[in-house]
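The next block holds one structure in the form of structure tokens; read it before the comments.
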Amino acid sequence: MITTSKVLVPLCLCLLLITGCGAAPAADQPSVTASGIGDWPSFLPSPTANGVAHGSADSPALSYPGSPVIVQLATGRVTVDVEGPALPPDTKLNADQVACTFTITLGDSDTAVPLAASQFDVVDHTGVVHTLAPEASTTAPARVDPHQTVTLKLAATLPSGEGMIRYHPTGGVVVAAWDYIAETD
Amino acid sequence: MKFSALAAVTAAGLAFTGLSAAAPASAAPPGYGQQTITSTGLLPGQIKHVWLIILENKSYDATFTGLNQNSYLWKTLPSQGVLLKDYYGTGHYSQDNYTSMVSGQSPSLDLQSDCDVANTNLGSNANIITTHAGKTFGAGDNYGQVLSPAGANAKDGTNGCTFPKDVATLFNQFDAAGVPWKGYAQDLGNQPGREDGLGGAPGIAANNPTTNPKSMTPSATDKANGITSFTGAQAGDQYVAKHFPFPWFHSIIGDNNTGTDALTTPAGGGTDTDANHIASLTDASKGLIADLGKPAAQVPAFSWITPNNCSDAHDATCKGNNLSGVFDANGNPNYSLPLTTAPTNYTGGLYASDLWLRYYIPLIERSAAFKDGGLIDITFDEANPPFYSMSFNNATDQTAVANKAAKNEIYDYSAPTMKDQAKLAVQSPANQFPKPGPLAKDYVKADLAGQNINGRNVSWEPTGPNSTLAVDAFGNQLFPGPGDNGYITRPPSCEQDTALVNATASNCVKGAKNTGAGFGFAPAKTIAAAAASGTSTVQAAVTVTDIGRQVTGAGIPAGSYVGSVINAGPNMVATPSGAVTNASFTLVDAKGKQVRTTTAVTSVTLSALGIPGHLTAGQTPLATFDAQDATPGGGISGSVLISPLIKPGTVSNTSYNHYSWLRTIEDIFQVSKGTGYATLPAGTVSGGLDNQGHLGFAAQAGLMPFGTDVFNNAGNGRGRPAAQSGSPNEQGDNRQSRGNG
Numbered sequence: 001m002i003t004t005s006k007v008l009v010p011l012c013l014c015l016l017l018i019t020g021c022g023a024a025p026a027a028d029q030p031s032v033t034a035s036g037i038g039d040w041p042s043f044l045p046s047p048t049a050n051g052v053a054h055g056s057a058d059s060p061a062l063s064y065p066g067s068p069v070i071v072q073l074a075t076g077r078v079t080v081d082v083e084g085p086a087l088p089p090d091t092k093l094n095a096d097q098v099a100c101t102f103t104i105t106l107g108d109s110d111t112a113v114p115l116a117a118s119q120f121d122v123v124d125h126t127g128v129v130h131t132l133a134p135e136a137s138t139t140a141p142a143r144v145d146p147h148q149t150v151t152l153k154l155a156a157t158l159p160s161g162e163g164m165i166r167y168h169p170t171g172g173v174v175v176a177a178w179d180y181i182a183e184t185d
Numbered sequence: 186m187k188f189s190a191l192a193a194v195t196a197a198g199l200a201f202t203g204l205s206a207a208a209p210a211s212a213a214p215p216g217y218g219q220q221t222i223t224s225t226g227l228l229p230g231q232i233k234h235v236w237l238i239i240l241e242n243k244s245y246d247a248t249f250t251g252l253n254q255n256s257y258l259w260k261t262l263p264s265q266g267v268l269l270k271d272y273y274g275t276g277h278y279s280q281d282n283y284t285s286m287v288s289g290q291s292p293s294l295d296l297q298s299d300c301d302v303a304n305t306n307l308g309s310n311a312n313i314i315t316t317h318a319g320k321t322f323g324a325g326d327n328y329g330q331v332l333s334p335a336g337a338n339a340k341d342g343t344n345g346c347t348f349p350k351d352v353a354t355l356f357n358q359f360d361a362a363g364v365p366w367k368g369y370a371q372d373l374g375n376q377p378g379r380e381d382g383l384g385g386a387p388g389i390a391a392n393n394p395t396t397n398p399k400s401m402t403p404s405a406t407d408k409a410n411g412i413t414s415f416t417g418a419q420a421g422d423q424y425v426a427k428h429f430p431f432p433w434f435h436s437i438i439g440d441n442n443t444g445t446d447a448l449t450t451p452a453g454g455g456t457d458t459d460a461n462h463i464a465s466l467t468d469a470s471k472g473l474i475a476d477l478g479k480p481a482a483q484v485p486a487f488s489w490i491t492p493n494n495c496s497d498a499h500d501a502t503c504k505g506n507n508l509s510g511v512f513d514a515n516g517n518p519n520y521s522l523p524l525t526t527a528p529t530n531y532t533g534g535l536y537a538s539d540l541w542l543r544y545y546i547p548l549i550e551r552s553a554a555f556k557d558g559g560l561i562d563i564t565f566d567e568a569n570p571p572f573y574s575m576s577f578n579n580a581t582d583q584t585a586v587a588n589k590a591a592k593n594e595i596y597d598y599s600a601p602t603m604k605d606q607a608k609l610a611v612q613s614p615a616n617q618f619p620k621p622g623p624l625a626k627d628y629v630k631a632d633l634a635g636q637n638i639n640g641r642n643v644s645w646e647p648t649g650p651n652s653t654l655a656v657d658a659f660g661n662q663l664f665p666g667p668g669d670n671g672y673i674t675r676p677p678s679c680e681q682d683t684a685l686v687n688a689t690a691s692n693c694v695k696g697a698k699n700t701g702a703g704f705g706f707a708p709a710k711t712i713a714a715a716a717a718s719g720t721s722t723v724q725a726a727v728t729v730t731d732i733g734r735q736v737t738g739a740g741i742p743a744g745s746y747v748g749s750v751i752n753a754g755p756n757m758v759a760t761p762s763g764a765v766t767n768a769s770f771t772l773v774d775a776k777g778k779q780v781r782t783t784t785a786v787t788s789v790t791l792s793a794l795g796i797p798g799h800l801t802a803g804q805t806p807l808a809t810f811d812a813q814d815a816t817p818g819g820g821i822s823g824s825v826l827i828s829p830l831i832k833p834g835t836v837s838n839t840s841y842n843h844y845s846w847l848r849t850i851e852d853i854f855q856v857s858k859g860t861g862y863a864t865l866p867a868g869t870v871s872g873g874l875d876n877q878g879h880l881g882f883a884a885q886a887g888l889m890p891f892g893t894d895v896f897n898n899a900g901n902g903r904g905r906p907a908a909q910s911g912s913p914n915e916q917g918d919n920r921q922s923r924g925n926g
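Going line by line, the protein sequences match chains A and B. 109 is the number that the numbering used here gives to position 109 of the first sequence; each next residue is one higher, with no gaps. Count along the second sequence starting at 1, add 185, and that's the number in the numbering used here.
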């Protein structure tokens with residue numbers, strides 16, 4: 001049985017390891033207010049545009065499945081979302097390990113973005129990193145072109161409980177992560 | 186295990202951004218329960234400006250779980266402040282919550298019915314209760330409450346709506362303490378003759394509750410003048426007086442219909458109902474944006490803000506503008522566009538309130554006044570169930586949205602099965618009824634009560650003298666209480682609901698009053714439907730309350746029933762009459778097994794809904810029927826507060842309600858230090874009932890105002906310990922189904 005405290009402490013530590021992460025760039029804040037009322041207060045988290053997170057190598061975004069991230073790459077922009085994990089229908093109650101499949105959607109890009117399963121991985125609530133592979137009988141598309149939307153399904157056997165699926169398009173630098181829960185109870 | 190994904194993500198996100206989440210509240214020290222709490226834990230003057238924004242009719246589980254996909258209020262705003270997970274409304278359906286918030290007065294049926302008959306007086310000063318009963322300021326002590334001259338549990342239309350002058354309000358306390366305040370209402374005054382009374386009262390300026398009460402049914406003259414409703418929105422004026430507390434107190438409007446003889450006079454002069462105190466939200470010189478641009482010292486210390494019936498999430502489809510036209514493609518408000526810009530859709534509910542909040546909250550947050558001890562308080566009047574017409578998706582829907590939201594919900598919800606419905610069909614003895622099924626149990630959660638007394642979360646609130654609770658010898662509830670039988674259906678009253686009573690008077694409850702039973706039981710109906718041949722899914726305008734009804738019609742196999750129902754949304758509707766959700770149901774047999782249509786279906790007939798335990802031929806039992814469970818409150822709506830004195834991302838599980846809120850604001854502004862100590866029938870303006878500044882049921886013994894679990898960034902090292910957040914509730918709490926997330 002996973003408890004909140006068991007999950008959160010290591011997860012938060014993992015999150016803190018991502019340096020420079022956080023909110024949207026200042027440019028996303030409204031530049032014009034109704035009467036020039038004032039600046040954004042420093043004691044509040046910076047707002048994001050329409051609640052959509054922005055992520056980049058300098059400022060990675062934390063999101064959750066179903067909430068897309070607009071990723072700024074060196075070569076352009078792409079919007080990425082994660083759904084899942086989907087579990088097999090015969091998953092045993094309270095199973096410690098479970099076969100997870102994530103559905104990843106990329107679109108709204110303004111440049112051709114190379115794509116590979118190796119650009120995604122999972123860090124579980126204990127801090128262990130897991131590689132992901134294309135779901136059986138599928139292959140990951142090699143890239144997403146402008147005005148194109150592509151979907152890939154990536155799978156791995158993971159511990160039940162919480163974790164993060166991470167996107168690092170150009171190597172080891174994470175630009176976005178999605179907090180997920182693999183529930184088996 | 187029910188894990189709170191929201192909490193997890195919030196906590197994780199806070200760590201991610203280098204912010205700190207609130208530490209878990211500590212248990213109260215020994216002996217703490219004996220203290221009477223009269224402090225918020227703040228130093229005097231730490232909070233200088235409050236903006237109270239009140240929204241409408243949504244439960245925590247509708248708003249803060251993803252069920253309605255209102256990401257700004259669900260995620261963004263709680264990440265900036267504190268989410269009160271256990272904040273309760275005090276009654277149903279609306280207006281009683283507003284009057285309770287500002288005066289501590291309890292519900293009575295005309296107010297619970299949103300003053301839908303006529304705006305007459307709710308008694309006189311002579312009806313104020315001046316003696317204590319039971320434990321002083323205990324749950325049964327109605328000292329200071331107004332007893333309806335029509336008596337307890339009197340019918341709608343017989344109690345009156347406007348309190349007598351010696352019932353003081355928070356605003357009178359502000360006057361006496363020299364605290365500047367203002368009430369803003371969106372659309373106020375848009376339609377001449379509709380809300381021209383003092384303080385935004387319904388009708389023309391000559392209307393008043395004493396000598397010229399306004400009937401709430403539009404007259405021929407009203408209609409000729411373009412007024413279609415006083416209790417609901419209309420296209421060019423979505424203000425509704427029932428959602429603005431000021432006109433309902435003679436202490437604010439006075440008795441002579443000029444406003445000059447109100448109970449108190451504002452510190453800066455004028456009257457409580459003049460243009461410096463009651464303003465249209467968008468007024469160019471007196472409105473909110475105009476005020477926010479001023480130096481902090483010139484901004485009202487307390488601002489009450491009532492968005493219109495669209496922007497407050499009340500209407501699922503808006504009658505008029507929902508502000509969607511002033512947002513750019515990225516969802517950001519374009520402040521260079523006029524607020525009258527044509528909307529791009531008419532979708533209401535929590536979609537519309539998110540638009541309103543996205544527009545106005547950043548303006549408040551950027552103001553000098555907010556940065557100088559500001560407090561933004563976004564709350565709801567009451568918690569309607571997270572189901573059809575009150576939510577874009579049902580909490581029991583088997584859809585991706587609803588299933589994901591279920592992980593964040595406080596309560597577990599389950600749709601009834603045919604087996605559950607069969608139990609409701611079993612014949613019961615005379616004047617007795619089966620136990621409620623799952624859907625009634627789902628719905629009655631929206632009528633629960635809660636507050637914190639002496640550091641313990643309790644599942645009750647005082648009912649007051651007018652809407653009481655009692656049961657008969659069989660355990661049947663006799664009266665609707667503060668929760669007003671909100672969303673369940675009671676058995677008929679043997680005396681009042683005679684059209685529903687059978688020949689032997691065995692299907693009714695003797696002595697029951699104001700059951701509302703007439704709204705639940707329904708005759709058979711034929712509705713348009715769409716289904717291909719050979720499918721189990723039928724598209725039709727059904728709701729969860731139709732579950733279990735027998736289905737007949739061309740293409741429908743004999744012995745078919747409405748199984749699970751889905752209402753999925755929101756749709757961005759192009760007109761004010763568009764449907765914001767798509768509805769469908771699964772066709773099942775008497776055992777709940779899916780059956781398939783035999784031909785294409787274009788219409789279906791749903792059976793009549795009857796009284797469980799006492800069905801007649803052709804009737805199926807009503808799934809929302811509940812004879813036994815009390816409806817003591819307004820349910821959990823949740824609330825969000827943002828302030829420099831609150832750590833972003835805080836979550837509190839302490840039970841609060843509108844009475845706690847009133848006590849909090851009274852304490853923050855130290856109203857007891859005011860000059861209003863002239864004797865009233867009960868208490869004084871500044872001293873309240875308890876001589877510590879607390880009015881009505883805000884003066885309950887041991888009632889906890891918002892404490893250091895809320896104001897956790899005050900930096901003064903002062904204050905009381907937080908309440909027993911997340912601790913087991915007091916014995917008798919009936920929230921067995923609550924998750925532990």
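We put the CB at the ideal spot given by N, CA and C, even for glycine. Since we're looking at a predicted model, the values are computed, not measured.
Is the Cβ of K270 (chain B) closer than 9 Å to any Cβ of chain A?
-> As a working note, residue 270 (chain B) is residue 85 in the second sequence. No, no contact with chain A.
Residue range of the beta strand (DSSP E) that P571 (chain B) falls in?
-> In the second sequence, counting from the first residue as 1, residue 571 (chain B) sits at position 386. Careful: P571 (chain B) lies outside any beta strand (DSSP E) and carries neither H nor E.
Burial state of I712 (chain B) (16 or more Cβ within 10 Å) = Here the question's residue 712 (chain B) lines up with position 527 in the second sequence. Classification of I712 (chain B): exposed, given that the 10 Å Cβ count is below 16.
Output, in chain order, the set of chain A residues within a Cβ distance shorter than 7 Å of K589 (chain B).
-> Taking the first residue of the second sequence as 1, we reach residue 589 (chain B) at position 404. Within chain A, the residues near K589 (chain B) are G66.
Just list the beta strand (DSSP E) runs in the segment 360-410 of chain B, keeping only unbroken ones of 3 residues or longer that don't cross its boundaries, in chain order.
-> DSSP runs (the beta strand (DSSP E)) wholly in the segment 360-410 of chain B: 366-370.
Any Cβ of chain B within less than 9 Å of the Cβ of A44 (chain A)?
-> Residue mapping note: residue 44 (chain A) aligns to position 44 of the first sequence, counting from 1. The sequence shown places Leu at residue 44 (chain A), rather than the Ala named in the question. Yes, because at least one Cβ of chain B sits closer than 9 Å to the Cβ of L44 (chain A).
CB-CB under 6 Å to P523 (chain B), same chain, minus the five flanking residues each way: which ones, in chain order?
-> The residue you call residue 523 (chain B) lines up with position 338 of the second sequence. Hits under 6 Å: none found.
Buried versus exposed call for A899 (chain B) [16 or more other C-beta atoms within 10 Å across all chains shown] | Looking up residue 899 (chain B) in the second sequence gives position 714. Counting of Cβ neighbours within 10 angstroms places A899 (chain B) among the buried residues, the total reaching 16 or more.
Just checking my contact of P650 (chain B) with L332 (chain B) at CB under 8 Å: how many whole Å lie between their CB atoms?
-> Working through the second sequence from its first residue, we reach residue 650 (chain B) at position 465. Working through the second sequence from its first residue, we reach residue 332 (chain B) at position 147. Sure, about 5 Å apart at Cβ, within 8 Å.
Does D39 (chain A) get closer than 9 Å to chain B when you measure Cβ to Cβ?
-> Residue 39 (chain A) sits at position 39 when you count from the first residue of the first sequence. It does: the Cβ of D39 (chain A) has a partner Cβ on chain B nearer than 9 Å.
Examine chain B for any beta-carbon lying closer than 9 Å to the beta-carbon of G36 (chain A), and answer yes or no.
-> Reading the first sequence from its first residue, position 36 is the one you call residue 36 (chain A). Residue contact check for G36 (chain A) against chain B: a CB pair falls below 9 Å.
How would you write the range of the beta strand (DSSP E) that W846 (chain B) sits in, first residue to last?
-> As a first step, residue 846 (chain B) is located in the second sequence; it is residue number 661 there, counting from the start. It is not in any beta strand (DSSP E) - W846 (chain B) instead sits in the alpha helix (DSSP H) that spans H843 to I853.
Thinking C-beta only, is N338 (chain B) closer than 9 Å to P665 (chain B)?
-> Walking along the second sequence from the start, residue 665 (chain B) turns up at place 480. Walking along the second sequence from the start, residue 338 (chain B) turns up at place 153. Yes.
Kindly confirm or deny that the segment 256-275 of chain B and the segment 808-828 of chain B touch, where touching means at least three C-beta pairs closer than 8 Å.
-> The segment 256-275 of chain B is in contact with the segment 808-828 of chain B.
Using the C-alpha atoms, what's the distance from G803 (chain B) back to Y573 (chain B)?
-> Residue numbering aside, residue 573 (chain B) sits at position 388 when the second sequence is read from its first letter. Residue numbering aside, residue 803 (chain B) sits at position 618 when the second sequence is read from its first letter. Straight through space, the alpha carbons of G803 (chain B) and Y573 (chain B) are spaced by roughly 26 Å.
Helix, strand or coil: how does DSSP classify M286 (chain B) here?
-> Counted from its first residue, the second sequence places residue 286 (chain B) at position 101. The answer is helix: DSSP assigns M286 (chain B) an H, G or I state.
Which residues bound the beta strand (DSSP E) around A182 (chain A)?
-> Here residue 182 (chain A) refers to the residue found at position 182 of the first sequence. Residues A176 to A182.
By a C-beta neighbour count over all protein chains shown, 10 Å radius and 16 as the cutoff for buried, is M757 (chain B) buried or exposed?
-> Here residue 757 (chain B) is taken as the residue at index 572 of the second sequence, counted from 1. Exposed, by the Cβ-count rule.
With a threshold of 16 other CB atoms inside 10 Å of the CB of P76 (chain A), please say whether the residue is buried or exposed.
-> The residue labelled residue 76 (chain A) in the question sits at position 76 within the first sequence. Contrary to the premise, residue 76 (chain A) reads as Gly rather than Pro in this sequence. G76 (chain A) should be labelled exposed.
Beta carbon proximity, P47 (chain A) to chain B, threshold 9 Å | Numbered from 1 along the first sequence, position 47 holds the residue referred to as residue 47 (chain A). At least one chain B Cβ lies under 9 Å of P47 (chain A).
Could I get the ranges of all uninterrupted beta strand (DSSP E) runs contained in the segment 628-712 of chain B, with 3 residues as the minimum, in chain order?
-> 636-638 and 641-643
Should G748 (chain B) and V786 (chain B) be called a contact, given that it needs their Cβ atoms to be closer than 9 Å?
-> Here residue 748 (chain B) corresponds to residue number 563 of the second sequence, with the count starting at 1. Here residue 786 (chain B) corresponds to residue number 601 of the second sequence, with the count starting at 1. Their beta carbons are not under 9 Å apart, which means G748 (chain B) does not touch V786 (chain B) by this criterion.
Identify, in the order they occur along the chain, each residue of the same chain with its Cβ nearer than 6 Å to the Cβ of D372 (chain B), setting aside the five sequence neighbours on each side.
-> Within the second sequence, the letter at position 187 stands for residue 372 (chain B). Excluding positions up to five away in sequence, the list reads D422, Q423, Y424 and N493.
By the criterion of Cβ-Cβ separation under 7 Å, what are the contact partners of A264 (chain B) in chain A?
-> The residue you call residue 264 (chain B) lines up with position 79 of the second sequence. In the sequence on display, residue 264 (chain B) carries Ser and not Ala. At a beta-carbon threshold of 7 Å, the residues of chain A lying near S264 (chain B) are P45, ordered along the chain.
Using a Cβ-Cβ distance under 9 Å, would V173 (chain A) count as near chain B?
-> For the purposes of this step, residue 173 (chain A) is taken as the residue at position 173 of the first sequence. By this cut-off, V173 (chain A) is not an interface position.
K471 (chain B) at chain A interface by Cβ criterion, 9 Å | Taking the first residue of the second sequence as position 1, residue 471 (chain B) is located at position 286. So no, K471 (chain B) is outside the interface.
Kindly list, in the order they appear in chain A, the residues whose Cβ is closer than 8 Å to that of F555 (chain B).
-> Walking along the second sequence from the start, residue 555 (chain B) turns up at place 370. What F555 (chain B) touches in chain A: P41.
Quick one: does P833 (chain B) have its CB under 9 Å from some CB of chain A?
-> On the second sequence, position 648 is the one that residue 833 (chain B) refers to. Output row for P833 (chain B): interface = yes.
Nearest CA to the CA of P678 (chain B): which residue from B:A684, B:A753, B:A697 and B:N687?
-> Along the second sequence, read from residue 1 onward, the residue named residue 678 (chain B) stands at position 493. It is Ser, not Pro, that sits at residue 678 (chain B) in the sequence shown. Minimum Cα distance to S678 (chain B) is reached at B:A697.
Between S792 (chain B) and the rest of its own chain, which residues show a CB-CB distance below 7 Å, the 5 nearest in sequence each way excluded?
-> Your numbering for residue 792 (chain B) matches position 607 in the second sequence. Contacts found: A709, R734, Q735, G803, Q804 and T805.
Given that a residue counts as buried once 16 or more other Cβ atoms are within 10 Å of its Cβ, and exposed if not, what is F359 (chain B)?
-> Translated into the one-based positions of the second sequence, residue 359 (chain B) becomes position 174. With 16 or more other Cβ atoms within 10 Å, it is buried.
Are the C-beta atoms of I181 (chain A) and some chain D residue less than 9 Å apart?
-> Here the protein chains are A and B, and chain D is not one of them.
How is the beta strand (DSSP E) around A793 (chain B) delimited, first residue to last?
-> Walking along the second sequence from the start, residue 793 (chain B) turns up at place 608. Here the beta strand (DSSP E) through A793 (chain B) covers A793 to G795.
Would DSSP call G107 (chain A) helix, strand or coil?
-> For this step, residue 107 (chain A) is matched to residue 107 along the first sequence. Correct three-state label for G107 (chain A): strand.
For T771 (chain B), which residues does DSSP report across the bridge?
-> Here residue 771 (chain B) refers to the residue found at position 586 of the second sequence. DSSP, once it has assigned bridges, lists B:T722 as partnering T771 (chain B).
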